[in-house]
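**Q** 6 is the number of the first residue of the first sequence in the working numbering; add one for each residue after it.
Dropping a structure here in structure tokens format, bear with me for questions.
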Amino acid sequence: MIKVTLPDGSIREYEKPVKALQIAQDFDPELAEKSLCAEVNDKLVDITYTIDEDAKINFPTFETDEGKEVYWHSTAHLMAQAVKQLFPSTKLAIGPAIEQGFYYDFDREESFTDEDLQKIEMKMKELIAQSLPYHRTELSKAEAIEIFSEMNETYKLELLEDIPEDEIISSYKQGDFIDLCRGPHLTDTGRIKAIKLLRTSGAYWRGDEKNKMLKRIYGISFPTEKELADYLQFLNEAMQRDHRKLGKDLDLFSINDEVGPGLVLWHPKGAMVRHLIEAYWKEQHLKKGYQLVYTPHIGRASLWETSGHLGFYKENMYSKMDIEGQDYYIKPMNCPFHISIYNSSLHSYRELPIRLAELGTVYRYERSGVLHGLMRVRGFTQDDAHIICTPEQMDSEVEKLIVFSLEMLKAFGFKEFLIYLSTQPEDCVGKKEDWDKATASLAASLEKLGLEYKVDEGGGAFYGPKIDIKIKDALGRAWQCTTIQFDFNEPERFDMTYIGADNTAHRPYMIHRAVLGSVERFFATLLEYHSGNLPLWLAPVQIILIPITDAQIEYTRKIEEQLLEQGFRCEFDARSEKMGYKIRAAEKSKIPFMCIIGKNEEANNQVTLRQHTVGDLGAMNLEEAISILRQKL
RNA sequence: GCCGAUGUAGCUCAAAGGUAGAGCAAUUGAUUUGUAAUCAAUAGGUUGGGGGUUCAAUUCCCUUCAUCGGCUCCA
Numbered sequence: 006m007i008k009v010t011l012p013d014g015s016i017r018e019y020e021k022p023v024k025a026l027q028i029a030q031d032f033d034p035e036l037a038e039k040s041l042c043a044e045v046n047d048k049l050v051d052i053t054y055t056i057d058e059d060a061k062i063n064f065p066t067f068e069t070d071e072g073k074e075v076y077w078h079s080t081a082h083l084m085a086q087a088v089k090q091l092f093p094s095t096k097l098a099i100g101p102a103i104e105q106g107f108y109y110d111f112d113r114e115e116s117f118t119d120e121d122l123q124k125i126e127m128k129m130k131e132l133i134a135q136s137l138p139y140h141r142t143e144l145s146k147a148e149a150i151e152i153f154s155e156m157n158e159t160y161k162l163e164l165l166e167d168i169p170e171d172e173i174i175s176s177y178k179q180g181d182f183i184d185l186c187r188g189p190h191l192t193d194t195g196r197i198k199a200i201k202l203l204r205t206s207g208a209y210w211r212g213d214e215k216n217k218m219l220k221r222i223y224g225i226s227f228p229t230e231k232e233l234a235d236y237l238q239f240l241n242e243a244m245q246r247d248h249r250k251l252g253k254d255l256d257l258f259s260i261n262d263e264v265g266p267g268l269v270l271w272h273p274k275g276a277m278v279r280h281l282i283e284a285y286w287k288e289q290h291l292k293k294g295y296q297l298v299y300t301p302h303i304g305r306a307s308l309w310e311t312s313g314h315l316g317f318y319k320e321n322m323y324s325k326m327d328i329e330g331q332d333y334y335i336k337p338m339n340c341p342f343h344i345s346i347y348n349s350s351l352h353s354y355r356e357l358p359i360r361l362a363e364l365g366t367v368y369r370y371e372r373s374g375v376l377h378g379l380m381r382v383r384g385f386t387q388d389d390a391h392i393i394c395t396p397e398q399m400d401s402e403v404e405k406l407i408v409f410s411l412e413m414l415k416a417f418g419f420k421e422f423l424i425y426l427s428t429q430p431e432d433c434v435g436k437k438e439d440w441d442k443a444t445a446s447l448a449a450s451l452e453k454l455g456l457e458y459k460v461d462e463g464g465g466a467f468y469g470p471k472i473d474i475k476i477k478d479a480l481g482r483a484w485q486c487t488t489i490q491f492d493f494n495e496p497e498r499f500d501m502t503y504i505g506a507d508n509t510a511h512r513p514y515m516i517h518r519a520v521l522g523s524v525e526r527f528f529a530t531l532l533e534y535h536s537g538n539l540p541l542w543l544a545p546v547q548i549i550l551i552p553i554t555d556a557q558i559e560y561t562r563k564i565e566e567q568l569l570e571q572g573f574r575c576e577f578d579a580r581s582e583k584m585g586y587k588i589r590a591a592e593k594s595k596i597p598f599m600c601i602i603g604k605n606e607e608a609n610n611q612v613t614l615r616q617h618t619v620g621d622l623g624a625m626n627l628e629e630a631i632s633i634l635r636q637k638l
């Protein structure tokens, strides 16, 4: 007798071993139709899997992450089959499902062209029409090696080497195509309804740039054409809200060839937004007990030797410059300067924690291929601070910091965050017990605050563990903003001390932290998040004044004066164009409010307000208009 | 840095081995307009840079720079 716990919690008993699919059909025929695989005791298996003992069972559909993963993974196999049929000499590497779709890496001399992709897509559709079953075979390692060496799939053999001798290895076969794979898979290729190959790229074998560069094809698939069309539409919309496009359209910033790649020119409107972000940032930091500092952009080589940057960070630093025979470097980080400020005088434990904050512009070498709009640049401004505290203060400082960071991000409208805790890497400085203590402190704070987070095992900096908070861009790519990092390295190197209650010198703890991360990246994410429709308090131009005819220019000027007096940022469209034209222009430049003034308004001493994307709010007197505006601030 | 694609007017895009064209934006003039484009005229480009092939290159080839999509790395 086998007891099966069904998705709704009920239990059904079977006399004999039974296939998952059968259970699904008995439970809910509609679900059985839609289920892509089975989840037996929290392990994903084929829907054809036979259950021979008591089990808890679930049936993931495409609506679930597990279902999508299986669906896309099977599509990756299908694509590989098509590629092998069209280009038989191609060797297979790996082909997993990813967050949005799947890819497969191939070893082939030639690159895949757009025409190749089309051919592959056509071939995939043929194979879909044949509804080829995905057939699972379990093998010993020796058998697997035999099969894949016969096929000369050297990458698969390399993968096999890493699998322990006694482990059961599985392969999946559909039609004439066989692949080393853990599974599970769909029942057959006919389950895949709508496919699209999206792009090609290069990718190193096993992600290591010392290895051969393979040819990767990315694609996606869906159970219906409609879902595919929706997804392509989403990609299209994402393009519209790309910060690089918005930056150009709204004249916020540019990156100029002659100035240099990765170096940002902030145009007046972008600079206004940045100013507003920074002003808010400063205000908040002062409220939280931070002290503002300013530090130079370059420092002597000896400073960077003391800090250790010339040892461990040299690859990201620009080459030295010579000043009267002395070597100087442009700063990739602000910490040595902040520490120098701390070290400029003696500190008592009573002064701690000391929190030194600076919007510090740093320059880091980034390889040309990684630059990306404002998200990855070579010169950027960190909203940096260093918290120097006693070991006892560490917990409460970390906790305050997490709360503060989330508050700040929420103030700009962000609601969803990805939080990571990165732990001790192999190469690192500091004692293990310090690491454990600091890591535990970070984890404890996150848990105390009830925040969900992922642990990035060994992902810490070499000088300490850290918490990172990431925000997603328009395409769902996550970008790091907040980082809270312990530092066991620099307090030692700079011999930082404070005088304790016992009147002897002690080594303080130091936390590096950036809440927004970099102003450039944060600004970009902010733009994408709001699709360029910045909240009123951040909009570079808040109100555009639109006189309907020249006759109202004088009256409109008076209104403008009063709005400016009230602290609003205004623009005036005095062109001799029709109102509709000016409204269109204002809508396109995403100005939050329009103040439209014709002869009626002037006669009644009123203004007409129109809100961006909302429309006409009607005529009212100026006081009313101002109170509406104030409410939106 | 590596793999691939791209680079034409401020923006979006055409064309083609015989020295480039449109729409929008800009400028000027006319128009004085009631909630997403009034009309006309003008101006704007050594087709990213350098080199080569050719009688002729913006087009073909090489090289270099930059951008885009990834890999790798990170704020």
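Every residue, glycine too, gets a C-beta built ideally from N, C-alpha and C.
1) Identify whether Asp500 lies in helix, strand or coil by the three-state DSSP scheme.
2) Just to confirm, is the Cβ distance from Thr80 to Ser226 under 8 Å?
3) Sort Arg141, Asp13 and Val520 by Cα distance to Tyr54 and report the nearest one.
4) Considering just the uninterrupted stretch of the beta strand (DSSP E) at Trp675, what are its terminal residues?
5) Note down, in chain order, each residue of its chain lying with its Cβ closer than 7 Å to the Cβ of Thr641, except the 5 sequence neighbours on either side.
6) Buried or exposed: where does Ile282 fall if 16 or more other Cβ atoms within 10 Å of its Cβ makes it buried?
7) Is the Cβ-Cβ distance between Pro266 and Leu379 less than 8 Å?
8) Do His302 and Ile328 come within 8 Å of each other at the CB atom, strictly closer than that value?
9) Hey, quick one: how far does the beta strand (DSSP E) through Gly316 stretch, first residue to last?
10) Is Tyr468 closer than 8 Å to Ala362 when the C-beta atoms are compared?
11) Arg246 to Leu364, Cα distance in whole Å?
12) Express the C-alpha separation of Gln123 and Gln571 in angstroms, rounding to a whole number.
13) By a C-beta neighbour count over all protein chains shown, 10 Å radius and 16 as the cutoff for buried, is Pro101 buried or exposed?
14) Any idea what DSSP makes of Met277, helix, strand or coil?
15) Output the distance between the C-alpha atoms of Phe153 and Lys130, rounded to the nearest integer angstrom.
16) Cα separation between Glu495 and Asp13?
17) Return the chain-ordered ranges of every beta strand (DSSP E) run that is complete within the region 392-445 and spans a minimum of 3 residues.
18) With the cut-off set at 8 Å, would you say Thr194 and Leu137 are in Cβ contact?
19) Would you mind stating whether Leu240 and Val75 have Cβ atoms separated by less than 8 Å?
20) Between the alpha carbons of Ile596 and Asn609, how many angstroms are there, rounded?
21) Span of the alpha helix (DSSP H) holding Tyr534?
22) Anyone know if the C-beta pair for Lys220 and Phe117 falls short of 8 Å?
23) Going by other Cβ atoms of all chains shown within 10 Å of its Cβ, with 16 needed for buried, is Gly108 buried or exposed?
24) With DSSP as the reference, please indicate the residues paired to Phe258 in a beta bridge.
25) When DSSP builds the beta bridges, which residues end up paired with Cys600?
26) Measure the C-alpha to C-alpha separation of Ile56 and Ser145 and round it to an integer number of angstroms.
27) Taking the C-alpha atoms as reference points, what is the distance between Leu165 and Lys96?
28) Using the three-state DSSP reduction, which class does Leu41 fall into: helix, strand or coil?
29) Report yes if the CB atom of Ile197 is closer than 8 Å to the CB atom of Leu270, and no otherwise.
30) Specify the secondary structure class of Pro138 as computed by DSSP and reduced to three states.
31) Just the Cα atoms here: how many angstroms apart are Ile168 and Gly188?
32) Taking buried to mean at least 16 other C-beta atoms within 10 Å of its own C-beta, is Tyr139 buried or exposed?
33) Assuming the contact rule is C-beta atoms closer than 8 Å, Lys604 and Ala556 should be a hit. Round their C-beta distance to whole Å, please.
34) From the DSSP output, which residues share a beta bridge with Gly106?
35) Can you give me the C-alpha to C-alpha distance between Tyr354 and Gln490, rounded to a whole angstrom?
36) Give the DSSP-derived three-state secondary structure of Ile173 in the structure shown.
**A** A quick look at the data gives this:
1) For the purposes of this step, residue 500 is identified with residue 495 of the first sequence, where counting begins at 1. Residue state, collapsed to three classes: coil.
2) Along the first sequence, one-based indexing puts residue 80 at 75. Along the first sequence, one-based indexing puts residue 226 at 221. Contact: yes.
3) Stepping through the first sequence from its first residue, residue 54 is reached at position 49. Ranking the options by Cα distance to Tyr54, first place goes to Arg141.
4) Lying before the first or after the last residue shown, residue 675 is absent from the chain, which here runs from 6 to 638.
5) An answer regarding residue 641 cannot be provided, because it is not within the stretch 6 to 638 covered by the chain.
6) As a working mapping, residue 282 is identified with position 277 in the first sequence. Answer is buried; the Cβ neighbour count reaches 16.
7) Position 261 of the first sequence holds residue 266. Position 374 of the first sequence holds residue 379. Cβ distance not < 8 Å, so Pro266 and Leu379 don't count as in contact.
8) The residue labelled residue 328 in the question sits at position 323 within the first sequence. The residue labelled residue 302 in the question sits at position 297 within the first sequence. No, Cβ-Cβ distance for Ile328 and His302 is not below 8 Å.
9) One-based indexing of the first sequence puts residue 316 at position 311. First-last for Gly316: His314 to Phe317, but that is the alpha helix (DSSP H), not the beta strand (DSSP E).
10) Within the first sequence, the letter at position 357 stands for residue 362. Within the first sequence, the letter at position 463 stands for residue 468. No.
11) Counting from 1 along the first sequence, the entry for residue 246 is found at position 241. Counting from 1 along the first sequence, the entry for residue 364 is found at position 359. Rounded to whole angstroms, Arg246 to Leu364 spans 27 Å at the Cα level.
12) As a first step, residue 571 must be located in the first sequence, where it is residue number 566. As a first step, residue 123 must be located in the first sequence, where it is residue number 118. Between Gln571 and Gln123, the C-alpha separation is close to 59 Å.
13) Here the question's residue 101 lines up with position 96 in the first sequence. Exposed.
14) As a position in the first sequence, residue 277 is number 272, starting the count at 1. In this structure, Met277 counts as helix in the three-state DSSP scheme.
15) Locating residue 153 in the first sequence gives position 148, counting from the first residue. Locating residue 130 in the first sequence gives position 125, counting from the first residue. Answer to the nearest angstrom: the Cα atoms are 26 Å apart.
16) Position 490 of the first sequence, counted from the start, is the residue given in the question as residue 495. Position 8 of the first sequence, counted from the start, is the residue given in the question as residue 13. Taking the straight line joining both Cα atoms gives about 55 Å.
17) The beta strand (DSSP E) runs of length 3 or more contained entirely in the region 392-445 are, from start to end of the chain, 423-427.
18) Counted from its first residue, the first sequence places residue 194 at position 189. Counted from its first residue, the first sequence places residue 137 at position 132. Cβ distance < 8 Å, so Thr194 and Leu137 count as in contact.
19) For the purposes of this step, residue 240 is identified with residue 235 of the first sequence, where counting begins at 1. For the purposes of this step, residue 75 is identified with residue 70 of the first sequence, where counting begins at 1. It is not a contact, given that the beta carbons lie outside the stated cut-off.
20) Mapped onto the first sequence, residue 596 falls at position 591. Mapped onto the first sequence, residue 609 falls at position 604. Taking the straight line from one Cα to the other gives about 26 Å.
21) Translated into positions along the first sequence, residue 534 becomes position 529. Element bounds for Tyr534: Val524 to Tyr534.
22) Translated into the one-based positions of the first sequence, residue 220 becomes position 215. Translated into the one-based positions of the first sequence, residue 117 becomes position 112. Yes.
23) The count along the first sequence starts at 1 and reaches residue 108 at position 103. Before going on, a small fix: residue 108 reads as Tyr here, not Gly. Flag for Tyr108 reads buried.
24) As a first step, residue 258 must be located in the first sequence, where it is residue number 253. According to DSSP, residue pairing for Phe258 in a beta bridge involves Trp271.
25) Within the first sequence, numbered from 1, the residue matching residue 600 stands at position 595. Beta-bridge pairing links Cys600 to Leu550 and Leu614.
26) Position 51 of the first sequence, counting from 1, holds the residue named residue 56. Position 140 of the first sequence, counting from 1, holds the residue named residue 145. Ile56 and Ser145: Cα-Cα distance of roughly 22 Å.
27) Translated into positions along the first sequence, residue 165 becomes position 160. Translated into positions along the first sequence, residue 96 becomes position 91. Cα to Cα, the separation comes out at about 15 Å.
28) If you number the first sequence from 1, residue 41 lands on position 36. Coil.
29) Here the question's residue 197 lines up with position 192 in the first sequence. Here the question's residue 270 lines up with position 265 in the first sequence. Cβ atoms of Ile197 and Leu270: not closer than 8 Å.
30) Translated into positions along the first sequence, residue 138 becomes position 133. Three-state result, Pro138: strand.
31) Here residue 168 is taken as the residue at index 163 of the first sequence, counted from 1. Here residue 188 is taken as the residue at index 183 of the first sequence, counted from 1. When rounded, the distance between both Cα atoms is 15 Å.
32) For the purposes of this step, residue 139 is identified with residue 134 of the first sequence, where counting begins at 1. Tyr139 is buried by the Cβ-count criterion.
33) As a first step, residue 604 must be located in the first sequence, where it is residue number 599. As a first step, residue 556 must be located in the first sequence, where it is residue number 551. The Cβ separation is near 7 Å, so the contact holds.
34) Mapped onto the first sequence, residue 106 falls at position 101. Gly106 pairs with Ile103.
35) The residue given as residue 354 occupies position 349 in the first sequence. The residue given as residue 490 occupies position 485 in the first sequence. So the two alpha carbons sit approximately 22 Å from each other.
36) Against the first sequence, residue 173 aligns to sequence position 168. In the structure shown, Ile173 sits in coil (DSSP, three-state: anything other than H, G, I, E or B).
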